[in-house]
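Residue numbers (this note's numbering), protein chains in the order written: chain Z, 1 to 395; chain Y, 1 to 314.
Just so it is clear, CB atoms sit at the ideal spot from N, CA and C, and this is done for glycine as well.
These notes are about the structure you will find just below.
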Amino acid sequence: MKIIDILRLSFGNLRRNMLRTVLTVSGVVVGISTIVFLVSLGFGLQNLAVSKVANLDALTLLTVNASQKEGVVLDTDAVDKFKNIPGVISVSPLLSYPAQIIVPGASGDTIAYGVTPKYFNLEDITADYGSKTFSSDDAAEAIVSIGSLKAVNLTDPSSTIGKEVDVKIVKIAEGDKKEDYLVKLKIVGITKDESTKYAYMPINIINKFDGKVFNSVKLKSGKRDDMANIRKTVESMGYPTTSVKDTVDQINSIFVVIQWVLGGFGMVALMVAAIGIFNTLTIALLERTHEIGIMKAIGGRNSDVALVFTAEASMIGFFGGTIGLSTGWILGILINLLVNFVATSVGGTANALFYTPLWFGSFVVAFAFIISTIAGIMPALRAAKLDPLEALRYE
Amino acid sequence: MAKVPVFKAVNITKTYQLGDIEVKALQSVNLEIYSGEFICFFGQSGCGKSTLLSLIAGLQGPSSGEIYVRGEKLSGLDNEGLAKYRRSKIGIVFQSFNLIPSMNIVENIALPLTFARISKKQRLERAKSLLETVGLSKYADHTSSQLSGGQQQRVAIARSLVTAPWILLADEPTGNLDSKSANEVMRLLISLNRKSKRTVILITHNPEYLDYADRVFFMQDGKIVKTQVNSKVKDVEDVDKVEHISDELKEAAKEVGAVKAVDEKAKGKKAKTEEEAVDSPEDTIPDTETVEPTETAEIPEPEAEAPEVEEEKK
Numbered sequence: 001m002k003i004i005d006i007l008r009l010s011f012g013n014l015r016r017n018m019l020r021t022v023l024t025v026s027g028v029v030v031g032i033s034t035i036v037f038l039v040s041l042g043f044g045l046q047n048l049a050v051s052k053v054a055n056l057d058a059l060t061l062l063t064v065n066a067s068q069k070e071g072v073v074l075d076t077d078a079v080d081k082f083k084n085i086p087g088v089i090s091v092s093p094l095l096s097y098p099a100q101i102i103v104p105g106a107s108g109d110t111i112a113y114g115v116t117p118k119y120f121n122l123e124d125i126t127a128d129y130g131s132k133t134f135s136s137d138d139a140a141e142a143i144v145s146i147g148s149l150k151a152v153n154l155t156d157p158s159s160t161i162g163k164e165v166d167v168k169i170v171k172i173a174e175g176d177k178k179e180d181y182l183v184k185l186k187i188v189g190i191t192k193d194e195s196t197k198y199a200y201m202p203i204n205i206i207n208k209f210d211g212k213v214f215n216s217v218k219l220k221s222g223k224r225d226d227m228a229n230i231r232k233t234v235e236s237m238g239y240p241t242t243s244v245k246d247t248v249d250q251i252n253s254i255f256v257v258i259q260w261v262l263g264g265f266g267m268v269a270l271m272v273a274a275i276g277i278f279n280t281l282t283i284a285l286l287e288r289t290h291e292i293g294i295m296k297a298i299g300g301r302n303s304d305v306a307l308v309f310t311a312e313a314s315m316i317g318f319f320g321g322t323i324g325l326s327t328g329w330i331l332g333i334l335i336n337l338l339v340n341f342v343a344t345s346v347g348g349t350a351n352a353l354f355y356t357p358l359w360f361g362s363f364v365v366a367f368a369f370i371i372s373t374i375a376g377i378m379p380a381l382r383a384a385k386l387d388p389l390e391a392l393r394y395e
Numbered sequence: 001m002a003k004v005p006v007f008k009a010v011n012i013t014k015t016y017q018l019g020d021i022e023v024k025a026l027q028s029v030n031l032e033i034y035s036g037e038f039i040c041f042f043g044q045s046g047c048g049k050s051t052l053l054s055l056i057a058g059l060q061g062p063s064s065g066e067i068y069v070r071g072e073k074l075s076g077l078d079n080e081g082l083a084k085y086r087r088s089k090i091g092i093v094f095q096s097f098n099l100i101p102s103m104n105i106v107e108n109i110a111l112p113l114t115f116a117r118i119s120k121k122q123r124l125e126r127a128k129s130l131l132e133t134v135g136l137s138k139y140a141d142h143t144s145s146q147l148s149g150g151q152q153q154r155v156a157i158a159r160s161l162v163t164a165p166w167i168l169l170a171d172e173p174t175g176n177l178d179s180k181s182a183n184e185v186m187r188l189l190i191s192l193n194r195k196s197k198r199t200v201i202l203i204t205h206n207p208e209y210l211d212y213a214d215r216v217f218f219m220q221d222g223k224i225v226k227t228q229v230n231s232k233v234k235d236v237e238d239v240d241k242v243e244h245i246s247d248e249l250k251e252a253a254k255e256v257g258a259v260k261a262v263d264e265k266a267k268g269k270k271a272k273t274e275e276e277a278v279d280s281p282e283d284t285i286p287d288t289e290t291v292e293p294t295e296t297a298e299i300p301e302p303e304a305e306a307p308e309v310e311e312e313k314k
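Structure, rendered in structure tokens:
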């Protein structure tokens with residue numbers, strides 16, 4: 001038989017017993033929609049969690065740390081090498097030292113970070129008041145957290161912007177000997193961060209006192225896909241690296257487990273549906289035994305009979321899968337709307353809690369199709385093996 | 001007549017195992033059937049004629065012996081080959097019609113062509129032309145349950161002819177029909193044989209039909225006890241005539257002990273037809289759906305112009 005004729009015949013058989021077909025398909029729909037609903041919730045929450053940790057830009061960033069190994073120094077030579085790694089579009093070194101902000105009559109501890117002007121953009125650090133970055137690599141400017149300014153009573157951002165302060169940078173040299181350097185910097189930007197104390201300043205200012213060995217270097221790649229290669233190259237040079245991607249990977253690996261657990265619940269429902277398909281076809285086999293006898297007597301091949309039965313199971317799976325996918329997806333949208341409505345009405349933010357990736361949708365339909373087809377194989381083989389003469393006598 | 005028999009059985013036996021008891025359904029059956037013959041297998045129920053039919057139809061194999069169809073051994077065929085044999089070389093007409101209730105009439109007729117991977121357009125065309133031949137064109141879209149028994153049997157005959165088979169096997173085709181429908185079906189079978197030279201094998205326990213056969217195989221206890229050549233073959237016009245079966249057949253039947261059945265059947269038919277004759281004059285068939293011989297003649301010959309069903313490869 002031609003495939004189109006097998007499909008026609010199978011579809012006709014499914015239509016013949018509409019109620020039973022609908023019930024069997026419903027079983028698959030329940031299973032698939034449960035899987036889609038729950039796993040989409042998993043994907044949605046995962047996206048939400050990852051987006052709270054890092055924006056997409058953060059995933060193109062790599063932090064290269066100073067190495068403990070001898071001879072591997074994170075200096076300007078190293079920075080030049082990093083610039084030449086394919087895929088790296090931006091390199092920003094960082095130096096940090098303990099420091100004090102000193103105004104007449106008061107002083108407060110902070111940490112001085114020497115960075116390049118583009119660092120703020122790379123790290124997604126935005127000053128809430130004043131300028132977002134330095135005017136040049138050598139400008140005597142600082143961007144400071146409000147936490148560092150409290151100790152020196154500069155709590156009003158608008159009057160503080162533009163103020164010049166003394167910053168004492170403390171360098172601990174060999175033998176615990178402290179060396180102090182005093183610089184005069186103009187506060188050009190302030191962040192709202194009250195809990196942490198820091199003061200960003202152009203790296204060249206700190207470099208003047210230092211042996212040009214950086215604490216860390218930020219690398220930015222043009223594409224996220226380049227990240228892995230860049231990281232491998234840097235690590236092969238002997239430098240340890242960290243990336244937001246590490247955190248994101250951890251979150252993802254947790255969510256993979258969550259999704260499997262959620263999908264597992266739906267899987268149970270799908271297995272029940274598969275047994276339903278098996279049952280339906282077994283009954284259909286008994287009902288149609290005589291008919292199978294007729295088909296064989298007038299020249300139907302065993303394979304024709306088997307294929308008609310298998311196609312019926314596959315169709316149940318396909319319909320169930322497609323309808324189940326739509327149902328689960330729509331259910332997710334409705335629940336999300338409801339949750340967001342409640343959340344926004346009590347002053348929260350609306351979030352996308354459900355996310356169904358296209359690949360997952362296609363996978364689920366294919367999965368329903370395959371599981372159903374497998375459930376249909378045994379009844380189909382039994383039908384194919386029926387003795388034509390006995391089948392004809394069966395009433 | 002070409003002397004390669006279209007069907008040949010050499011010493012076939014068929015035994016069934018019923019628990020510990022071995023039942024011999026057929027014992028050393030030898031026969032040859034030639035192209036264009038009208039053959040009757042006649043015997044009481046349990047004589048093995050249905051078993052013989054299932055062997056001819058390729059629905060099961062013999063316990064021993066060999067069956068040749070146009071010189072080809074049937075035992076050499078695998079399941080696929082047997083399916084093809086049943087599909088293209090044999091047309092079967094069952095006592096219980098055996099149409100598939102979920103399909104309409106045209107689809108039923110076209111089903112063997114569906115198995116043969118013939119395109120939908122071609123097979124429906126062929127099915128419709130056969131439906132016209134059996135005089136049921138207007139029922140094309142009906143299902144079998146909407147048709148009378150006689151109509152269903154004519155559809156079944158159309159289905160059996162759809163692949164232009166070599167042999168038409170009819171197993172008690174009139175067994176479930178009233179006498180009027182039975183006559184229609186018989187007329188159709190006889191004219192298929194006479195006009196289209198199709199080989200017809202009729203299995204029956206009704207002696208009225210023996211006169212139409214070229215040869216009659218009398219069967220008893222799983223054996224062919226007598227083969228009788230019928231020298232006075234009746235034609236299709238005689239179906240509704242009241243007549244005793246010919247003496248030579250009667251003699252043959254008497255020899256094998258089937259005479260009682262023959263006589264009773266003949267008497268019964270005579271009595272019934274005399275009653276009917278009051279308002280229906282002889283030779284006029286008051287039935288609009290009667291199959292005219294001219295229509296029947298359109299059925300393609302099995303060998304000559306028959307659209308040799310060429311199966312499309314997948």
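* **Closer than 7 Å at the beta carbon, the chain Y residues around LEU389 of chain Z** => Within chain Y, SER54, LEU59, GLN60 have C-beta atoms less than 7 Å from the C-beta of LEU389 of chain Z, given in sequence order.
* Contacts that ARG382 of chain Z makes with chain Y (C-beta to C-beta distance below 7 Å) -> Simply none; closest approach about 15 Å.
* To do: Tell me where the alpha helix (DSSP H) around ARG8 of chain Z begins and ends.
  => Residues 3-16.
* Asked: For a contact meaning CB atoms closer than 8 Å, what does GLU312 of chain Z contact in chain Y?
  -> Simply none; closest approach about 13 Å.
* **Continuous beta strand (DSSP E) stretch holding TYR200 of chain Z: start and end** => Looking at the DSSP string, the run of the beta strand (DSSP E) that includes TYR200 of chain Z is 199-202.
* Give me the Cα-Cα distance between VAL279 of chain Z and PHE363 of chain Z, rounded to the nearest whole angstrom. => Val is not the amino acid found at residue 279 of chain Z; the sequence shown has Asn there. So the alpha carbons of these two residues sit roughly 25 Å apart.
* To do: Please check the pair LEU185 of chain Z and VAL165 of chain Z, which I expect to be a contact at CB under 8 Å, by giving their CB distance rounded to whole angstroms.
  => The beta carbons of LEU185 of chain Z and VAL165 of chain Z sit about 6 Å from each other, so the pair counts as a contact at 8 Å.
* Please list, in chain order, all residues of the same chain as ASP78 of chain Y whose beta carbon is under 6 Å from its beta carbon, the five residues on each side excluded. => Here the set comprises nothing.
* Can you give the Cα-Cα distance for SER26 of chain Z and GLU37 of chain Y, rounded to whole angstroms? -> One C-alpha to the other measures close to 57 Å.
* Inter-residue spacing [alpha-carbon to alpha-carbon] between LYS171 of chain Z and SER92 of chain Z -> Distance between the alpha carbons of LYS171 of chain Z and SER92 of chain Z is about 22 Å.
* CB-CB under 8 Å to CYS47 of chain Y, same chain, minus the five flanking residues each way: which ones, in chain order? -> Leaving aside the five residues that flank CYS47 of chain Y on each side, the residues in its chain whose CB is nearer than 8 Å to its CB run, in chain order, MET219, GLN220, ASP221, GLY222.
* Under the three-state DSSP convention, the category GLY320 of chain Z falls into -> Under the three-state reduction of DSSP output, GLY320 of chain Z falls in the helix class.
* Per DSSP, ASP409 of chain Z forms a beta bridge with which residues? -> The first residue shown for chain Z is 1 and the last is 395, placing residue 409 of chain Z beyond what the model contains.
* Kindly indicate the opening and closing residues of the beta strand (DSSP E) around PHE217 of chain Y. => Looking at the DSSP string, the run of the beta strand (DSSP E) that includes PHE217 of chain Y is 215-220.
* Start-to-end residues for the alpha helix (DSSP H) that takes in SER45 of chain Y -> Note, SER45 of chain Y: premise wrong, no alpha helix (DSSP H); not H, not E.
* Is GLN228 of chain Y helix, strand or coil when you go by DSSP? -> Three-state DSSP puts GLN228 of chain Y in a strand.
* Asked: In whole angstroms, what is the alpha-carbon distance linking GLU125 of chain Y and VAL93 of chain Y?
  -> Here the alpha carbon of GLU125 of chain Y sits roughly 21 Å from the alpha carbon of VAL93 of chain Y.
* To do: Could you tell me which chain Y residues have their CB closer than 7 Å to the CB of GLU291 of chain Z, listed as they occur along the chain?
  => Ordered by position in chain Y, the residues that pass the 7 Å Cβ test against GLU291 of chain Z are ILE100.
* Quick one: what's got a C-beta closer than 6 Å to PRO112 of chain Y's C-beta in the same chain, skipping five residues either side? -> Excluding positions up to five away in sequence, the list reads ARG87, VAL162, THR163.
* Chain-ordered neighbours of ARG393 of chain Z on chain Y, where CB pairs are closer than 9 Å -> The contact set of ARG393 of chain Z on chain Y, defined by CB atoms closer than 9 Å, is empty, because the minimum CB distance reaches about 10 Å.
* To do: With a 10 Å radius around its C-beta and 16 neighbouring C-beta atoms as the bar for buried, classify TYR16 of chain Y as buried or exposed.
  => By the 10 Å Cβ count, TYR16 of chain Y comes out exposed.
* What residue does the alpha helix (DSSP H) around LEU202 of chain Y start on, and which one ends it? -> Premise fails: LEU202 of chain Y lies in the beta strand (DSSP E), 199-204, not in any alpha helix (DSSP H).
* Check whether SER396 of chain Z and THR63 of chain Z have beta carbons under 7 Å apart -> Because residue 396 of chain Z is not part of the residues shown, which for chain Z are 1 to 395, the question remains open.
* Please determine if the stretch 236-247 of chain Z and the stretch 71-90 of chain Z are in contact, where contact requires at least 3 C-beta pairs separated by less than 8 Å. => Taking a cut-off of 8 Å on C-beta distances, the stretch 236-247 of chain Z touches the stretch 71-90 of chain Z, as three or more cross pairs fall below it.
* Asked: Run through DSSP, which three-state label would VAL36 of chain Z get?
  -> In the three-state reduction of the DSSP assignment, VAL36 of chain Z falls in the helix class.
* To do: May I ask which residues mark the beginning and end of the alpha helix (DSSP H) holding PHE7 of chain Y?
  => First-last for PHE7 of chain Y: 7-18, but that is the beta strand (DSSP E), not the alpha helix (DSSP H).
* To do: Using only alpha-carbon positions, find the residue among Z:ARG16, Z:GLY189, Z:ILE6, Z:ALA151 that is nearest to GLY105 of chain Z.
  => Closest by alpha carbon: Z:ALA151.
* Can you pull the chain Z residues whose beta carbon is under 8 Å from the beta carbon of PRO112 of chain Y, in chain order? => Residues of chain Z passing the Cβ test: ILE298, GLY299.
* Asked: If the cut is a Cβ gap below 9 Å, which residues of chain Z does ARG87 of chain Y touch?
  -> ILE298, GLY299, GLY300, ARG301, listed in chain order.
* Do you know how far the Cα of ILE277 of chain Z is from the Cα of ALA255 of chain Z? -> Reading off the sequence shown, one finds Phe at residue 255 of chain Z, where the question assumed Ala. Taking the straight line joining both Cα atoms gives about 32 Å.
* To do: Using a cut-off of 7 Å between C-beta atoms, extract the partners of LYS2 of chain Z located in chain Y.
  => Those within 7 Å of LYS2 of chain Z in chain Y are ARG117.
* Let me know if VAL4 of chain Y comes out buried or exposed under the rule of 16 or more other beta-carbons within 10 Å of its beta-carbon. => VAL4 of chain Y counts as exposed, since fewer than 16 other beta carbons sit within 10 angstroms of its beta carbon.
* Asked: Hey, is ARG16 of chain Z's beta-carbon within less than 7 Å of any beta-carbon in chain Y?
  -> By the rule that beta-carbons nearer than 7 Å mark a contact, ARG16 of chain Z touches chain Y.
* Three-way DSSP call (helix, strand, coil) for PHE97 of chain Y in this model -> In the displayed model, PHE97 of chain Y falls within coil according to three-state DSSP, outside both helix and strand.
* **Short CB-CB distance (under 7 Å) between ILE33 of chain Y and chain Z** => Output row for ILE33 of chain Y: interface = no.
* GLY65 of chain Y in three-state terms, based on DSSP -> In the structure shown, GLY65 of chain Y falls within a strand segment according to DSSP collapsed to helix, strand and coil.
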